[in-house]
Amino acid sequence: MNKLICFLIITGLMVASVQSVLAQKKVGSRIYKYGILKDQFENKVLVSFEEADPKLKNKTVKYFEKKDLVSLSWDDLFIPGSGEYSEEEFLNALEKNKVKTLVVIKVVDSHEVGYNYTSTSAYNSISRFGNLEFNEGSRETYSKDVTYTTDVSLTMSVFTAKDDYMKPVGVLEGKAYNSWGEYGSFAHVARKVIRRMLRSLDKMEAL
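Reading the sequence shown from the start, the letters are residues -23 to -1, 1 to 184 in mature numbering (1 follows the signal peptide of the UniProt record, and there is no 0).
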């Protein structure tokens, strides 16, 4: 199945790469569009986000459901780790489950930063900077290493049943930055990108 997803993504990237620079259109905050997406979404929608953990996959599907789209996760139809599926099995599974639109989300890039966070107790701060003498042995210092995601870039490729999902009808590219500091995980930032993409799809009447 990984090979099938790779084929779909490579096809999507090839289509996007032959678009001229003028064909790229900004449709939201750090969101860009290739192709034609207006009126392309039909129920049901199958959402693939291979790099996401189960919680993020579930959250992503719920975002589509909030747009009144009957949505399924890729893992609802294709069990992870169960081996490769042929193209025929793939198409049969989509037809059997009445899937009309396939959305493939991929991570293009993401960055992390790490630093050492050190804090001291109030007692320690007072004893260090005040005029009083304190017991050195009773001071406490807390230290930990923190790593967090600074930014995430995603693509969202949209395929339809009209041509048996042979090539994407449109592709969105998006990027977002961490707004939460050390509390911002990859999932936080990825969800931020996806929400922006869905708002952009709303504006262009794609949903």
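Here a beta-carbon is modelled for each residue, glycine too, at the ideal position from N, C-alpha and C.
Rounded separation between residue i and residue j - CA only
i, j, result
"E66", "E182", "32 Å"
"V24", "K77", "11 Å"
"G58", "K73", "22 Å"
"N35", "K43", "13 Å"
"T145", "M133", "The sequence given here places Pro at residue 145; Thr does not occur at that position. Their backbone Cα atoms lie some 10 Å apart in a straight line."
"A29", "V38", "12 Å"
"K2", "G151", "12 Å"
"E61", "E27", "14 Å"
"I171", "D45", "16 Å"
"M143", "K75", "17 Å"
Presumed contact (8 Å Cβ cut-off) between residue i and residue j, rounded CB distance
i, j, result
"A70", "L49", "Actually they are not in contact, since the Cβ atoms of A70 and L49 sit about 10 Å apart, beyond 8 Å."
"G32", "A164", "Inspection of the sequence shows that residue 32 is occupied by Lys rather than by Gly. With 8 Å as the limit, K32 and A164 qualify as a contact, their Cβ atoms being about 7 Å apart."
"L68", "D141", "6 Å"
"residue 204", "L149", "Since the first and last residues shown for the chain are -23 and 184, residue 204 lies out of range."
Close Cβ partners of residue i (< 6 Å) along its chain, the five nearest in sequence each way excluded
i, result
"V166", "T126, V129, A153, N155"
"A138", "K77"
"E19", "K77, T78"
"W51", "S25"
"S177", "V4, G5, I8"
"D86", "S130"
Contacting residues, own chain, Cβ-Cβ under 7 Å from residue i (five flanking each side not counted)
i, result
"E89", "T124, Y125, T126, T127"
"K169", "A153"
"G147", "K10, Y11, G12, I13, L14, Q17, V135"
"Y92", "V123"
8 Å Cβ cutoff met for residue i and residue j
i, j, result
"K83", "L131", "yes"
"Y40", "L184", "no"
"R173", "S6", "yes"
"V22", "V47", "yes"
Beta bridge counterpart(s) of residue i as assigned by DSSP
i, result
"E89", "T126"
"A153", "V129"
"K43", "DSSP, once it has assigned bridges, lists no residue as partnering K43."
"G5", "I8"
"T78", "V22, T137"
"V38", "Note: V38 sits in no beta bridge, so no partner."
"S48", "V22"
"G60", "In the DSSP output, where bridge partners are listed per residue, G60 has none listed."
"V148", "Y11, S134"
"V166", "DSSP lists no partner for V166."
Sequence-distant residues of the same chain with beta carbon closer than 8 Å to residue i, five excluded per side
i, result
"S162", "Y125, T126"
"Y160", "Y125"
"G158", "Y125"
CB contact below 8 Å: residue i versus chain C
i, result
"R173", "Here chain C cannot be found, since the structure has a single protein chain."
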